[in-house]
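So the structure is just underneath, and the comments pick up after that.
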Amino acid sequence: MSNTQVERVELDQLICWRIRTQRSELLVAQQGAQILAYQRDGQPPLIWLSPEAAYQRAQSVRGGVPICWPWFGDLRRNPQAVQAHYQQVEAPAHGLVRGLDWQLLGIDEEGEQVTLRFAFDTQKEPLAGWPHAALLQFEIRLADDLAMSLQTHNRGEAPLTLSQALHTYFAVSDVRQVSVDGLRGCRYVDTLQDWRELRQDAELRFVGETDRIYMDTPARLSIVDPGWGRRIHLDCSGSRSAVLWNPWVDKARRLSQFPDDAWQNMLCIETANLLEDVVQVKPDEWHRLDLRLSSDSFGH
Ligand SMILES: O=P(O)(O)OC[C@H]1O[C@@H](O)[C@H](O)[C@@H](O)[C@@H]1O
Numbered sequence: 145m146s147n148t149q150v151e152r153v154e155l156d157q158l159i160c161w162r163i164r165t166q167r168s169e170l171l172v173a174q175q176g177a178q179i180l181a182y183q184r185d186g187q188p189p190l191i192w193l194s195p196e197a198a199y200q201r202a203q204s205v206r207g208g209v210p211i212c213w214p215w216f217g218d219l220r221r222n223p224q225a226v227q228a229h230y231q232q233v234e235a236p237a238h239g240l241v242r243g244l245d246w247q248l249l250g251i252d253e254e255g256e257q258v259t260l261r262f263a264f265d266t267q268k269e270p271l272a273g274w275p276h277a278a279l280l281q282f283e284i285r286l287a288d289d290l291a292m293s294l295q296t297h298n299r300g301e302a303p304l305t306l307s308q309a310l311h312t313y314f315a316v317s318d319v320r321q322v323s324v325d326g327l328r329g330c331r332y333v334d335t336l337q338d339w340r341e342l343r344q345d346a347e348l349r350f351v352g353e354t355d356r357i358y359m360d361t362p363a364r365l366s367i368v369d370p371g372w373g374r375r376i377h378l379d380c381s382g383s384r385s386a387v388l389w390n391p392w393v394d395k396a397r398r399l400s401q402f403p404d405d406a407w408q409n410m411l412c413i414e415t416a417n418l419l420e421d422v423v424q425v426k427p428d429e430w431h432r433l434d435l436r437l438s439s440d441s442f443g444h
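With this note's numbering, you'll find the sequence shown wraps up at 444, consecutive numbering, no jumps.
Encoded structure:
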């Protein structure tokens, strides 16, 4: 008999699913098809969810894995081809789909593996100011690890240029003690230094507010967390850029749904397609972005 439990729960205004397997627990909201929390038994959470998270309609929950699409961040900072698809003046940060309900296509169990499939079809749910035909599919597979895949199908007659990100919030023991492996030698744009392009010469450590777009990123990045003796591995395909973000002291005070001291216990690595890595999807073609999260322990 399977030890998997799938439960539909309502958190304030949001419909969610809580999945328990023999070894882990996952929480996913229908709004934004947003993974909210993920924890493996006997370990601290792997994905961070804010203790002040608000479960409100039309508002992204602080934490988990918000999906940024069809643009990332401030639209005006995106290449012209991405901006050109949008026809309104006010462009919300991180695109248009993180605060909308996606359609749940199904939850399938196979042994100890559970797969949730969501879709967002702009022909059925038109996006204000973005009059293009695209189908988005997001698949979440919970097994020994957690895998997700975001697919975009261009159903229109002209090419679509997108930026996007899986904006994952990770839980760490103390952001001042962790490092990120895999970025040495990469070029990055430092959005806090006037978008200057720099190069990462040593391993990345966090010593202040960090908001950077790394280019030509490798297929694997790892968060090395000595405090919890844990390495979190991000294995991705379909992405060559990543955002590394921590708000530190001052910005933490300005963020919504975010306790003043929470910056110490989280960091974001956002698996992305940005700047020179934006995606062009030709008519009737698909683009696929895959991210697999796993962890191992060391030193204990
Ligand atoms: O508050 P939001 O819209 O969820 O954005 C959070 C952060 O998202 C990151 O991706 C950006 O690089 C930051 O600049 C931003 O502050």
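For each residue, glycine too, the CB sits at the ideal point set by N, CA and C. This structure is a prediction, so every number in the text was calculated from the model and none was measured.
Identified DSSP bridge partners for residue 375: 368 and 440
Nearest to residue 159 (by Cα), restricted to the options 287, 219 and 179: 179
Residues that residue 385 bridges to, as DSSP identifies them: DSSP, once it has assigned bridges, lists 359 and 416 as partnering residue 385.
Own chain, CB closer than 7 Å to residue 298, minus 5 neighbours either side, in chain order: 278, 304, 425, 426, 427, 428 and 429
Three-state secondary structure assigned by DSSP to residue 150: strand
Short Cβ contact (7 Å threshold) for residue 344 with residue 327: yes
Test: residue 270 CB closer than 7 Å to a CB of chain B: Although the question refers to chain B, the structure presented lacks it and comprises just one protein chain.
contact_flag[the region 162–174, the region 230–242] where n(CB pairs < 8 Å) is 3 or more: In this structure the region 162–174 does not lie against the region 230–242, because fewer than three pairs of beta carbons, one per stretch, are closer than 8 Å.
Contacting residues, own chain, Cβ-Cβ under 7 Å from residue 442 (five flanking each side not counted): 373 and 375
Identity of the residues DSSP links to residue 259 by a beta bridge: Checking the DSSP bridge columns, you'll see residue 259 partnered with 252 and 285.
Beta-carbon proximity list for residue 318, same chain, < 8 Å, skipping 5 on both sides: 371, 408 and 409
For residue 276, the residue or residues it bridges with in DSSP: Under DSSP, residue 276 forms no beta bridge with any residue.
Residue closest to residue 274, alpha-carbon to alpha-carbon, out of 292, 229 and 302: 229
Enclosing beta strand (DSSP E) for residue 162 [first to last residue]: For residue 162, the uninterrupted beta strand (DSSP E) run begins and ends at 158–164, by DSSP.
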